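Undergrad: Everything in the sequence shown is counted per full-length UniProt numbering, starting at 1 for the first residue and increasing by one.
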Amino acid sequence: MDDIKDVSVEPLTSSQFVKPYRMHYKQNNVEKIWDLVSLHESVSIIIFNTDRKKLVLVKQFRPAVYYGAIPREERKLGSTDTSKYPGSAGLTLELCAGIVDKTKDLALTAKEEVLEECGYEAPLESFEKVLKYRSGVGVSGDQQTMFYVEVTDKMKVSQGGGLADEGEMIEVVEMSIPEVRQYLNQSDVNSPGGLLFGLMWFLNNKAPKE
Numbered sequence: 001m002d003d004i005k006d007v008s009v010e011p012l013t014s015s016q017f018v019k020p021y022r023m024h025y026k027q028n029n030v031e032k033i034w035d036l037v038s039l040h041e042s043v044s045i046i047i048f049n050t051d052r053k054k055l056v057l058v059k060q061f062r063p064a065v066y067y068g069a070i071p072r073e074e075r076k077l078g079s080t081d082t083s084k085y086p087g088s089a090g091l092t093l094e095l096c097a098g099i100v101d102k103t104k105d106l107a108l109t110a111k112e113e114v115l116e117e118c119g120y121e122a123p124l125e126s127f128e129k130v131l132k133y134r135s136g137v138g139v140s141g142d143q144q145t146m147f148y149v150e151v152t153d154k155m156k157v158s159q160g161g162g163l164a165d166e167g168e169m170i171e172v173v174e175m176s177i178p179e180v181r182q183y184l185n186q187s188d189v190n191s192p193g194g195l196l197f198g199l200m201w202f203l204n205n206k207a208p209k210e
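1) Out of curiosity, what's the CA-to-CA distance linking residue 188 and residue 54?
2) Classify residue 182 as helix, strand or coil using the three-state DSSP reduction.
3) What does a CB cutoff of less than 8 Å around residue 22 pick up in its chain, not counting 5 residues either side in sequence?
4) Using 8 Å as the threshold, is the C-beta distance between residue 87 and residue 4 below it?
5) Quick check on the DSSP output: the alpha helix (DSSP H) that includes residue 113 runs from which residue to which?
6) Would a C-beta distance cut-off of 8 Å place residue 212 and residue 172 closer than the cut-off?
7) Does the beta-carbon of residue 43 have 16 or more other beta-carbons within 10 angstroms, so that it is buried, or is it exposed?
8) Straight-line CA distance for residue 91 to residue 127?
9) So is residue 143 in contact with chain B if we call contact Cβ pairs under 8 Å?
10) Pull up the DSSP beta-bridge partners for residue 146, would you.
11) Within 10 angstroms of its Cβ, does residue 10 collect 16 or more other Cβ (buried), or is it exposed?
12) What is the C-beta distance between residue 143 and residue 194, in whole angstroms, given that I count them as a contact (C-beta under 8 Å)?
13) Ends of the alpha helix (DSSP H) at residue 199?
14) Looking only at DSSP bridge pairs, what is residue 54 linked to?
15) Which whole-angstrom value describes the C-beta separation of residue 212 and residue 160, a residue pair presumed to lie in contact below a C-beta threshold of 8 Å?
16) Grab the span of the alpha helix (DSSP H) containing residue 68 for me, first residue to last.
17) What is the residue span of the beta strand (DSSP E) that residue 22 lies within?
18) What are the boundary residues of the beta strand (DSSP E) that residue 92 is part of?
19) How many Å lie between residue 124 and residue 14 at the Cα?
20) Can you tell me which residues form a DSSP beta bridge with residue 60?
21) Give the single residue among 93, 31, 108 whose Cα lies nearest to the Cα of residue 174.
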């Protein structure tokens with residue numbers, strides 16, 4: 001997964017997923033501008049396997065995280081030295097998640113993502129909405145809705161891993177409750193804030209009493 005080669009960076013001229021804009025506005029009679037991007041709405045899912053008492057997470061390579069791991073003074077257009085900056089710098093641990101099709105119900109999207117990424121066929125009615133919140137407030141302000149679902153070994157119908165035809169390459173990771181606590185106590189993690197909130201929400205609201 002972290003065997004990354006032939007990395008190059010170029011200006012973005014068009015994208016199916018990211019739309020850059022510049023907003024002009026007045027705030028308290030002061031004219032201002034702000035550069036922003038428009039992104040799709042998304043869902044994320046806290047998955048707990050009740051048979052093995054483990055949370056089900058995903059690990060994947062995130063190009064933006066990889067690029068951000070390169071010191072600012074060494075970022076440039078063109079090729080990147082992957083011997084100096086290995087692909088492991090872009091690996092993240094996250095909640096299962098995915099973008100939302102405007103025509104689909106949010107819980108249905110969450111159900112499909114759990115199946116595609118983690119291999120569990122969980123009933124739709126078992127998905128509990130945790131909350132809807134904003135992420136990327138300085139750049140995108142996009143909405144993400146977080147769900148919680150409990151699964152069992154009997155619901156495991158595939159290895160997951162994402163959709164290969166969409167270029168997804170996902171590793172399913174299980175963490176015990178002690179491992180989750182240990183992860184949260186680290187001072188530096190390659191994870192988004194949504195995962196950290198989701199883990200703390202689980203510990204406070206759903207974790208079995210030890």
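A virtual CB, placed ideally from N, CA and C, is assigned to each residue, including glycine.
These numbers come from a predicted model, not from an experiment.
TA: Based on what the coordinates show:
1) 22 Å
2) helix
3) 33, 34, 35, 36
4) yes
5) Unbroken alpha helix (DSSP H) run through residue 113: 106–113.
6) Any property of residue 212 remains undetermined from this structure, which presents the chain solely from 1 to 210.
7) buried
8) 27 Å
9) Included in the structure is just one protein chain, with no chain B present.
10) Per DSSP, the beta bridge partners of residue 146 are 44, 131.
11) Only exposed fits residue 10, as fewer than 16 other CB atoms lie within 10 angstroms of its CB.
12) The beta-carbon distance between residue 143 and residue 194, rounded to whole angstroms, is 12 Å. This is too long to meet the 8 Å contact definition.
13) According to the DSSP assignment, residue 199 belongs to the alpha helix (DSSP H) that extends over 193–205.
14) Paired residue(s): 49, 176.
15) Because the chain spans 1 through 210 in this model, residue 212 falls outside it and cannot be assessed.
16) 63–69
17) 19–27
18) 91–94
19) 36 Å
20) 92, 170
21) 93
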